[in-house]
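Per this note's numbering, the sequence shown starts with residue 1482, numbered consecutively. To start, the structure under review is shown below, and the notes come after it.
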Amino acid sequence: MTAPLRRRGLPTVSVELGGTTPVPRTALETRHLTTDSRLRQRDLPLESIRVWTMEFAPVSFRRTREQIEQADPETYNVVILREGGLRRVDARGVTTYEPGQLHVNDSSSPFRLDAYGADTISCIGMELPRSVVPTLGEHASSVIGRPLSAREGLGGLLVTVLDQVLADHGSYRNTDAVPVEAMLRELLTGVFTNAVEDAEQYVPAEVHRRTLLLRMRTFIDQNLHLRDLGPRLLAEVHHVSVSHVHRVFGEDGTTVAGWIRARRLERAHRDLSDPAMRAVPVHHVAARWGFSHHAAFTRAFRAAYGVAPRDVRREALCGAGWSECQETEDSAPTTATALPATMVSRG
């Protein structure tokens, strides 16, 4: 939550421990909520992490889309509230924080943070590149802005270490910056890991099911050419049981086999409707999308679209103005031949 230091001559203290690499700073708009404009900040740059303390009168900090577009350091800013109250407003709603709680801001996301509830609000924290602690990854949305405990567990230990680092920085050598930062990074990684695990425990079961269904459907679309594509492969890839795969699809009103067949037929219909693929035999198109028997493909295609595959191709050629509005392939064999590697779809 590091505010701009060049703002109206606000008193700032900066000390260094190592600090050979410039530590990123996230720009924020600052609007004082009273006539009291006190804002004091103290920075302790390490190698790639900036440890900071702040004391200020009631104020509102904003990270806007315009600021993000102008410059985004791609950092996390960890904020631990010591005195007063904080209220965060973002696209997901309003979240409040009490003393002894920790939360994380992402420099790539807009938000407003209102400080209130005391004559002097105080925080400690640190700003660091997202790449330093990649633990959050795709789970970041479940942790950013969420109140976490800074009184117990790894959160409490992180605060204890931060306080010690800030209090005793004068006794450290410049070469101590690396091990000090490594210790902070390990603690923060642990805090993030626990937060992600806790968030997953409280995600509604329906959200888990919909997410898993989406992942399995995406896998199906990317692997329609596989002959063994089915419930067993889906279960193996997604680390669930075969019965769970059937249940997830069934609750959405379909079956695994039915979904795969429908997607394969859609891709085959698309290819047969493409004049650019007029020279590819129908049974090769069928094999390209996982149908090993031409007769079975024709029956399924007719059941789905009400016409035979060759009729779809003939209509597409006539509609595109091709003079030869007739079937371009010989009679297809009952079993499709293997496609050249260059014709096998990979999704």
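Positions of the beta carbon are idealized from the N, C-alpha and C atoms, including for glycine.
DSSP on residue i, reduced to helix/strand/coil?
{"i": "residue 1739", "result": "helix"}
{"i": "residue 1660", "result": "helix"}
{"i": "residue 1628", "result": "coil"}
{"i": "residue 1718", "result": "helix"}
{"i": "residue 1792", "result": "helix"}
{"i": "residue 1544", "result": "strand"}
{"i": "residue 1689", "result": "helix"}
{"i": "residue 1565", "result": "coil"}
{"i": "residue 1519", "result": "coil"}
{"i": "residue 1709", "result": "coil"}
{"i": "residue 1759", "result": "coil"}
{"i": "residue 1651", "result": "helix"}
{"i": "residue 1671", "result": "helix"}
{"i": "residue 1552", "result": "coil"}
Would you kindly check if the distance between the Cβ of residue j and the Cβ of residue i is under 8 Å?
{"i": "residue 1571", "j": "residue 1541", "result": "no"}
{"i": "residue 1507", "j": "residue 1556", "result": "yes"}
{"i": "residue 1586", "j": "residue 1614", "result": "no"}
{"i": "residue 1770", "j": "residue 1669", "result": "no"}
{"i": "residue 1564", "j": "residue 1601", "result": "yes"}
{"i": "residue 1785", "j": "residue 1746", "result": "yes"}
{"i": "residue 1551", "j": "residue 1631", "result": "no"}
{"i": "residue 1688", "j": "residue 1715", "result": "no"}
{"i": "residue 1634", "j": "residue 1598", "result": "no"}
{"i": "residue 1646", "j": "residue 1525", "result": "yes"}
{"i": "residue 1596", "j": "residue 1627", "result": "no"}
{"i": "residue 1723", "j": "residue 1712", "result": "yes"}
{"i": "residue 1742", "j": "residue 1781", "result": "yes"}
{"i": "residue 1640", "j": "residue 1664", "result": "no"}
{"i": "residue 1719", "j": "residue 1694", "result": "no"}
For residue i, list the residues DSSP reports as bridge partners.
{"i": "residue 1799", "result": "According to DSSP, residue 1799 bridges with nothing at all."}
{"i": "residue 1576", "result": "1569"}
{"i": "residue 1745", "result": "Looking at the DSSP assignment, residue 1745 forms no beta bridge with any residue, so it has no partner."}
{"i": "residue 1700", "result": "Residue 1700 pairs with nothing; no bridge assigned."}
{"i": "residue 1559", "result": "1585, 1607"}
{"i": "residue 1592", "result": "1544"}
{"i": "residue 1536", "result": "1521, 1603"}
{"i": "residue 1597", "result": "1566"}
If you follow the alpha helix (DSSP H) that residue i is in, where does it begin and where does it stop?
{"i": "residue 1637", "result": "1634-1648"}
{"i": "residue 1780", "result": "1775-1786"}
{"i": "residue 1509", "result": "Unbroken run through residue 1509: none, as it is neither H nor E."}
{"i": "residue 1767", "result": "1763-1769"}
{"i": "residue 1724", "result": "1723-1731"}
Which same chain residues end up closer than 7 Å to residue i when comparing Cβ atoms and leaving out the 5 residues on each side of it in sequence?
{"i": "residue 1732", "result": "1690"}
{"i": "residue 1606", "result": "1482, 1533, 1558, 1559, 1560, 1561"}
{"i": "residue 1744", "result": "1701, 1702, 1705"}
{"i": "residue 1517", "result": "1538"}
{"i": "residue 1624", "result": "1585, 1617, 1673, 1676, 1677, 1680"}
What first and last residue would you give for the beta strand (DSSP E) that runs through residue i?
{"i": "residue 1772", "result": "Per DSSP, residue 1772 belongs to no beta strand (DSSP E) and is neither H nor E."}
{"i": "residue 1528", "result": "Counting along the chain, residue 1528 falls outside any beta strand (DSSP E), and DSSP gives it neither H nor E."}
{"i": "residue 1606", "result": "1602-1610"}
{"i": "residue 1614", "result": "Looking at the DSSP string, residue 1614 is not in any beta strand (DSSP E), and its letter there is neither H nor E."}
Does the CB of residue i have a neighbour CB from chain B at under 8 Å?
{"i": "residue 1511", "result": "Among the chains in the structure shown there is no chain B, since it carries only a single protein chain."}
Within the same chain, show all residues whose beta-carbon is closer than 8 Å to that of residue i, passing over the 5 residues directly before and after it, in chain order.
{"i": "residue 1575", "result": "1568, 1569"}
{"i": "residue 1637", "result": "1630, 1631"}
{"i": "residue 1766", "result": "1749, 1752, 1753, 1758, 1790"}
{"i": "residue 1592", "result": "1543, 1544, 1569, 1570, 1571, 1586, 1626"}
Leaving out the 5 sequence neighbours to the left and right, which residues in its chain are closer than 6 Å to residue i when beta-carbon positions are compared?
{"i": "residue 1608", "result": "1483, 1531, 1556, 1558"}
{"i": "residue 1794", "result": "1753"}
{"i": "residue 1536", "result": "1521, 1601, 1603"}
{"i": "residue 1717", "result": "none"}
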